[in-house]
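Colleague:
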Amino acid sequence: MSRLLDLTAVQLGRKIKEREVGVEEGVKACLDQIEKLEPALHAFVTIDKEGALRQAAMVQKQIDQGDLKGPLAGVPVAVKDNLCTEGLLTTCSSKILYNFVPTYSAEAVVRLKEAGAVILGKTNMDEFAMGSTTETSAYGATTNPWNTDHVPGGSSGGSCAAVAAEECFYALGSDTGGSIRQPSSFCGVTGIKPTYGTVSRYGLIAYGSSLDQIGPIAKDVTDCVAILETIASCDRKDSTSFPRKDLDFTSALVDDVKGLRIGIPKDYFGEGLEEEVKEAVLLGARMLKEKGAAVEEFDLSLVEYAIPAYYVIASAEASSNLSRFDGVKYGLRAKEYEGLHNLYKKSRSEGFGPEVKRRIMLGSFVLSSGYYDAYYLKALRTKALIKKAFDKAFERYDVILGPAAPSTAPRLGQSLGDPLKMYLGDIYTVSVNLAGLPAMTVPCGKDKKGLPIGLQLISDCFQEKKMIQAGYAFEQTRRYEGPEIARERGKINEQTV
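For the sequence shown, the working numbering begins at 2 and goes up steadily by one.
The structure is reproduced here in structure tokens:
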């Protein structure tokens, strides 16, 4: 059983296709792992055991009939709790959506199911994807499988922890300002945030509509590429979806970076970056240089303005998007109220958590008539300048390399007391979303405490193949190592009993 869980998603898919493993066998292995580790990890909000076993039987029949031939057919997946799943609870880890069961599925989920994926359940997250630690969830914090005293990162912390702990073979996350890449770094897994518009946002419960993008989380680059090829599409239901002609990302899985131009921003290696993270990331750059890539440092301007611009824009969009949660149509409704406006006020006061309220108030403030020009319009201008700075950099480089986060995973409770410090932890990731660029995190080492470190690769819009090529080539110099806590079955339970 443990050897089965050690497989990557593509490897399991191949064994299922070759009749070496049954779909139900893979699903049961994950469900057993979930039962064993969840008391301490809390990576899932909803586990659909009966539904997963039903899906497994249906998918096995389709595979046997030759109707499903893709690389992910029969492979169990976990889905972040802000992606709608028909008939399955979708809460955004918020009290205000405690009873919401969608009547439709997100387009990315539909495409996975059409490819034969088996959905195990919904993963925990920061409430409405607002946070960097998966501690703002209304249903309790998720812990890091490498060390349960530490956070898994966020907001896709549940998805990343589930993959790292081998509770599923891969997962879907969403990335608004680093919410796939940062927890991938903290949990020692691989995650991709595609170019904005590559994956349909239909069915993704919005936080910042101009920034949100769905992406894959898995054990290695090959898995992420197979998932991305499956979920990428132009969707009429999403007006920001882009018709891309070339979605053959598999062709970039070559162990060859000769002539690839890689730029390292000096601005990413200054004050605030932990020394162990710096050393691991620069060692990764050196490995790529030894394999034939041209690597050099350069100045990427406007880095210091990315955080304020991002939080002004994201909070403004959040205050608009979250206005739909009013206690009238669905979700939590206050039991006692006087009149319609009082119903809105009481339902939102009871349903939203502190971090969500903070961002709604900030967003309402920057959009108000007296401050719109001073803050929101200025942030939009800064966003445009950041995009120009990246455009200029990509005239010289194919890929930009840097850290995914300034530190390894902090201890539980360490970040919540200082929201500003938590916001600053996104310094290396938010500019990618502001510019609509693709980026990925690949594990590149561990610190002295044994916590993972991630290396971030960024490429120009619609140039995912270049970063995939660099990530795959780097990955060949390393072997995926799951956390010891997942290898030693039952160890988590022993700690918590």
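We put the beta carbon where it would ideally sit given N, CA and C, even for glycine.
This structure is a prediction, so every number in the text was calculated from the model and none was measured.
Leaving out the 5 sequence neighbours to the left and right, which residues in its chain are closer than 8 Å to GLU495 when beta-carbon positions are compared?
Modeller: In this predicted model, GLU495 has a pLDDT of only 42, less than 50, meaning its place in the structure is not dependable; the value taken from the coordinates is given anyway. Same-chain partners within the cutoff: there are none.
Colleague: Please go through the same chain and pick out, in chain order, the residues whose beta-carbon is closer than 7 Å to the beta-carbon of VAL258, but skip the five residues on each side of it.
Modeller: So the list reads LEU289, LYS292, GLY293, ALA294, GLN470, ALA471, ALA474, once near-sequence residues are dropped.
Colleague: What is the DSSP secondary structure of GLN464, counted as helix, strand or coil?
Modeller: Coil, per DSSP.
Colleague: Count the C-beta pairs between the region 116-126 and the region 41-59 that are closer than 8 Å, then say yes if the count reaches three, no if not.
Modeller: Because the criterion of three Cβ pairs below 8 Å is met, the region 116-126 and the region 41-59 touch.
Colleague: Given a threshold of 16 other Cβ atoms within 10 Å of its Cβ, counted over all protein chains shown, does GLY499 qualify as buried or as exposed?
Modeller: The first residue shown for the chain is 2 and the last is 498, placing residue 499 beyond what the model contains.
Colleague: Within this structure, are the beta carbons of PRO407 and GLY273 separated by less than 8 Å?
Modeller: The answer is yes: Cβ separation under 8 Å.
Colleague: Three Cβ pairs or more, each shorter than 8 Å: is that satisfied between the region 444-455 and the region 276-289?
Modeller: Yes, the region 444-455 touches the region 276-289.
Colleague: With ASP427 and GLY178 assumed to form a contact (beta carbons below 8 Å), what rounded beta-carbon distance in angstroms separates them?
Modeller: Rounded, the Cβ-Cβ distance is 5 Å, consistent with contact.
Colleague: Starting from the C-beta of GLU128, find all residues in its chain whose C-beta is less than 8 Å away, skip the five residues before and the five after it, and write them out in chain order.
Modeller: Excluding positions up to five away in sequence, the list reads CYS93, SER94, SER95, THR137, SER138, ALA139, PHE353, GLY354, GLU356, VAL357.
Colleague: Return the CA-CA distance between GLN63 and LEU69, expressed in angstroms with no decimal places.
Modeller: If I take the Cα positions, the gap works out to 6 Å.
Colleague: Go through its chain and collect everything with a Cβ distance to ILE314's Cβ below 8 Å, but skip five positions before and after it.
Modeller: The answer, listed in chain order, is GLY209, SER211, LEU212, TYR377, ALA380, LEU381, LYS384, LEU435.
Colleague: Return yes when the Cβ of PRO184 is within less than 8 Å of the Cβ of GLY141, no when it is not.
Modeller: Contact: no.
Colleague: Is it right to say GLU476 is buried, meaning 16 or more other beta carbons lie within 10 angstroms of its own, or is it exposed?
Modeller: Per the 10 Å Cβ criterion, buried.
Colleague: Taking only the alpha-carbon atoms, compute the straight-line gap between LYS238 and CYS85 and give it to the nearest angstrom.
Modeller: Their backbone Cα atoms lie some 14 Å apart in a straight line.
Colleague: What residue range is occupied by the uninterrupted alpha helix (DSSP H) comprising LYS29?
Modeller: Looking at the DSSP string, the run of the alpha helix (DSSP H) that includes LYS29 is 24-42.
Colleague: How about TYR311 and VAL431: are their beta carbons less than 8 Å apart?
Modeller: A contact, by the Cβ cut-off of 8 Å.
Colleague: Per DSSP, what kind of secondary structure is SER432 in: helix, strand or coil?
Modeller: Correct three-state label for SER432: helix.
Colleague: Below 8 Å CB to CB, which residues in the same chain sit around TYR372 once its five sequence neighbours on both sides are set aside?
Modeller: Around TYR372: PHE366.
Colleague: Flag this pair as yes or no: are the beta carbons of VAL152 and GLY159 separated by less than 8 Å?
Modeller: No, Cβ-Cβ distance for VAL152 and GLY159 is not below 8 Å.
Colleague: Under three-state DSSP, which class holds LEU289?
Modeller: Of the three classes helix, strand and coil, the one that applies to LEU289 here is helix, per DSSP.
Colleague: When the Cα of ASP300 is compared with those of ALA163, LEU368, LYS393, ASP327, which residue comes out closest?
Modeller: Of the candidates ALA163, LEU368, LYS393, ASP327, the one whose C-alpha sits nearest the C-alpha of ASP300 is LYS393.
Colleague: When you compare only the Cα positions, how much space is there between VAL222 and GLY216?
Modeller: Near 12 Å, if we compare the C-alpha coordinates of GLY216 and VAL222.
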